Structure formats: C-alpha cells, structure tokens
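Trainee:
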Amino acid sequence: MKVGTWNINSVRQRINLVTRFLRAEQPDVLCLQETKVVDELFPAGPLRRLGYVHQAIRGQKGYHGVAIVSRLPFRSVASGDFCREGHARHLCVVLENGVELNNFYVPAGGDIPDPRVNPKFAHKLAFLSAMARAFRNRPHDRRAPVVLVGDLNVAPLENDVWNHKQLLDVVSHTPIETELLAEVKDAFAWSDIARDEFVPHDRKLYSWWSYRAADWRASDRGRRLDHIWVSPGLKGAATHHAIHKKLRGWKGASDHVPVVAEFALQPAKDCRPPP
DNA sequence: ATGGTAGCACCGCTA
Numbered sequence: 177m178k179v180g181t182w183n184i185n186s187v188r189q190r191i192n193l194v195t196r197f198l199r200a201e202q203p204d205v206l207c208l209q210e211t212k213v214v215d216e217l218f219p220a221g222p223l224r225r226l227g228y229v230h231q232a233i234r235g236q237k238g239y240h241g242v243a244i245v246s247r248l249p250f251r252s253v254a255s256g257d258f259c260r261e262g263h264a265r266h267l268c269v270v271l272e273n274g275v276e277l278n279n280f281y282v283p284a285g286g287d288i289p290d291p292r293v294n295p296k297f298a299h300k301l302a303f304l305s306a307m308a309r310a311f312r313n314r315p316h317d318r319r320a321p322v323v324l325v326g327d328l329n330v331a332p333l334e335n336d337v338w339n340h341k342q343l344l345d346v347v348s349h350t351p352i353e354t355e356l357l358a359e360v361k362d363a364f365a366w367s368d369i370a371r372d373e374f375v376p377h378d379r380k381l382y383s384w385w386s387y388r389a390a391d392w393r394a395s396d397r398g399r400r401l402d403h404i405w406v407s408p409g410l411k412g413a414a415t416h417h418a419i420h421k422k423l424r425g426w427k428g429a430s431d432h433v434p435v436v437a438e439f440a441l442q443p444a445k446d447c448r449p450p451p
C-alpha cells in the first residue's frame, strides 16, 4: 500500500499538478491539506478519472480544508473534534484493508510564538494538546494498523530546519511546539517513519520551502513540516519513503512537496472477517 | 532589521 500526503495550497489552483503527481507516482491513497474549497466545488472529476473514485472531502470557504482520495474503498469516514475554531482540519478513513488513516492539517500558528498575545498560536497549542489527549485516551490495540499523516506545521528535530538556533524562536520550531508534538507522538507510541526508520537524524530533511525566498533552491531554507507516522502495529512495515523535493521546482508549485510511504501489509492481519 | 510570495475573498486575512 502506497500513501501520499501533500499540502496543496488550493487544490483547484493546482489540480493539474495533483494529477501529474498521481500519474507518475501511482499512490493508492493521497491525503491533501489546504484544499481551500467548499465540497461542492472540489475537483472530483479529474481525480475520479485517474481511478481515485473514493473521495472523503471536508472543505470550507477560502481557508484550510482536507481531503483523502483513494483507489481503495473506505469502510468508514469520520472527522474528529480537535479544532475549537471548527476549521476543516481532520479527516479519518478506515480503508478496506483495515488500515485507519488520519489526515491532519495543524494550524500554522501565526507569527508571534506567545499564546498570551497571539490567539493563533494559542489555537495551535490547543489543537496539538487535543491530538495528544485523543490518542492517549484511546484504548489501544497495539497491533492495530493506524497511520497519521499531514501538515503538522511543526519541524521537530534540529535538522528538520535549515538553522536550529536561528529558528528556536520562530513558530514551527519553538521548544513549546516541538515538546507538544513529542507528547502527541508518545501518546500513541507513533513511529515517525522519516526519522525513525529511513533518514538519520544528522541529515537535513525538509518538505517545505517558503514562497518568499528569491531562490528557494539556492537559499535552501527549508523546514520538515509534513509527516507520516505509524502506530506500533505498522512499525517496520514501511518499505519505502520519499520526500518529492523536485516538485517544489514545478511551475506553479505549492510551497510544500508530497511525502510518500509504501507499506508491505500482512494480508491476514488486515482482513476483516466476512459478514 | 526588514521584507520578501501566494491564494482567496473581496478592499484584509491566512499562510
């Protein structure tokens, strides 16, 4: 099973990039964030024609919005109550193969990293706390195959940003955020497959490069904001992981690039007994 | 120290 996650920064503006990516990469499932479109105007057709006929969408006007498009049928679709502002920032599907897939768009948090003066930062911290609480309180079958992906808007490790010291007081890499994200991770014993399974911690790794750089490639001031986590039941199941940096160079690119993982699943474990 | 870009909505907000 191959899963992708991509903050697309308007799915209507970039539908041709999405289809180009799907044609080339052929994931079974793609999770999108920042779709920026109400459900009635979601570009379902071009995705359906590529075989992504199963679509869970949760959009809102102008901002935020998440979607999961899939070649595998869904057993169920739900969205959690993590966002006190009522934004469209989470979707959860259970796939036909029994894998539960959570797609998150964590609030960016504004510019000032102080919850007392910046309500957007306070909201981001509240959202992450709600994630930690939800997964901590969830009864867990440790063998259950659960995946969490999305734009978590936090670059947790030193080499997830271009300059650790310089970014310690920049929203996305402050200690209060990285510690909270670590709590979310501990709450379900998640494995961050990029760092825990594929790429050594001393290597720089980014999934986002600002639009505001004159030359994003030359300055290379990136951050790793987009993540794929797996529950203990899927630890070691990933056979491939990639961050598609090349797509940042496509004409009209999103500021985020897709992150992809491939899993070898044990069919027996994931099969639902016949009704 | 500052300002740089992008999308959507609508003349500012969010990222």
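Residue numbers (the numbering used here): 177 to 451.
All C-beta atoms, glycine included, are put in the ideal place defined by N, C-alpha and C.
All values reported here derive from a predicted model rather than from experimental measurement.
(1) I'd like to know if the stretch 303-312 and the stretch 181-191 are in contact, where contact means that at least 3 CB-CB pairs between them fall below 8 Å.
(2) In whole angstroms, what is the alpha-carbon distance linking phenylalanine 274 and aspartate 391?
(3) In whole angstroms, give me the CA-to-CA distance for glutamate 359 and aspartate 402.
(4) Given that a residue counts as buried once 16 or more other Cβ atoms are within 10 Å of its Cβ, and exposed if not, what is glutamate 210?
(5) For lysine 411, which of helix, strand or coil comes out of DSSP?
(6) What is the DSSP secondary structure of glutamate 210, counted as helix, strand or coil?
(7) Specify, as a first and last residue, the run of the beta strand (DSSP E) that glutamate 334 falls within.
(8) Is the CB-CB distance between glycine 180 and cysteine 207 below 8 Å?
(9) Could you tell me which of Arg399, Leu193, Ala243 and Arg247 sits nearest to valine 214, measuring between CA atoms?
(10) In the DSSP assignment, the alpha helix (DSSP H) including asparagine 273 goes from what residue to what residue?
(11) Give me the Cα-Cα distance between valine 433 and glutamate 373, rounded to the nearest whole angstrom.
(12) Does the stretch 289-298 come into contact with the stretch 253-272, if we say contact requires no fewer than three beta-carbon pairs (one atom in each stretch) closer than 8 Å?
(13) Could you tell me the distance, in whole angstroms, from the CA atom of lysine 427 to the CA atom of phenylalanine 258?
(14) Count the other CB atoms, across all protein chains shown, that sit within 10 Å of the CB of serine 383; report buried if there are 16 or more and exposed otherwise.
(15) Can you tell me whether valine 456 is helix, strand or coil according to DSSP?
(16) Express the C-alpha separation of leucine 198 and asparagine 192 in angstroms, rounding to a whole number.
(17) Mapping DSSP to helix, strand and coil, what is threonine 195?
(18) Excluding five sequence neighbours on each side, which residues of the same chain lie with their C-beta closer than 8 Å to the C-beta of alanine 320?
(19) Rounded to the nearest angstrom, what separates threonine 195 and lysine 361 at their Cα positions?
(20) State buried or exposed for serine 246, treating a residue as buried only when at least 16 other CB atoms are found within 10 Å of its CB.
(21) Taking DSSP's pairing of strands, which residues face cysteine 268 in a bridge?
(22) Closest to proline 203 by CA distance: which of His263, Asn339, Arg379 and Gly227 is it?
(23) So, with DSSP's three-state summary, where would you put glutamate 438?
(24) In whole angstroms, give me the CA-to-CA distance for lysine 422 and valine 282.
(25) Would you kindly work out how many angstroms separate the C-alpha atoms of histidine 340 and tryptophan 182, rounded to a whole number?
(26) Check glycine 262 in the structure and name its three-state DSSP category.
Mentor: Result, derived from the coordinates:
(1) no
(2) Residue identity differs from the one stated: residue 274 is glycine in this sequence, not phenylalanine. Distance between the alpha carbons of glycine 274 and aspartate 391 is about 43 Å.
(3) 17 Å
(4) buried
(5) Note: lysine 411 maps to coil in three-state DSSP.
(6) coil
(7) Element bounds for glutamate 334: n/a, residue is neither H nor E.
(8) yes
(9) Ala243
(10) No alpha helix (DSSP H) contains asparagine 273, which DSSP labels as neither H nor E.
(11) 20 Å
(12) Verdict: no, contact absent.
(13) Between lysine 427 and phenylalanine 258, the C-alpha separation is close to 34 Å.
(14) buried
(15) No statement about residue 456 is possible, as the shown extent of the chain runs from 177 to 451 and does not include it.
(16) 10 Å
(17) helix
(18) Short of 8 Å from the beta carbon of alanine 320, and not among the five residues preceding or following it, lie these beta carbons of its own chain, in chain order: Glu276, Ser407 and Gly409.
(19) Using only the alpha carbons, I get a separation of about 32 Å.
(20) By the Cβ-count criterion, serine 246 is buried, with 16 or more other Cβ atoms from all chains shown falling within 10 Å of its own Cβ.
(21) Ala254 and Asn278
(22) Gly227
(23) Glutamate 438 falls in the strand class under three-state DSSP.
(24) 24 Å
(25) 24 Å
(26) coil
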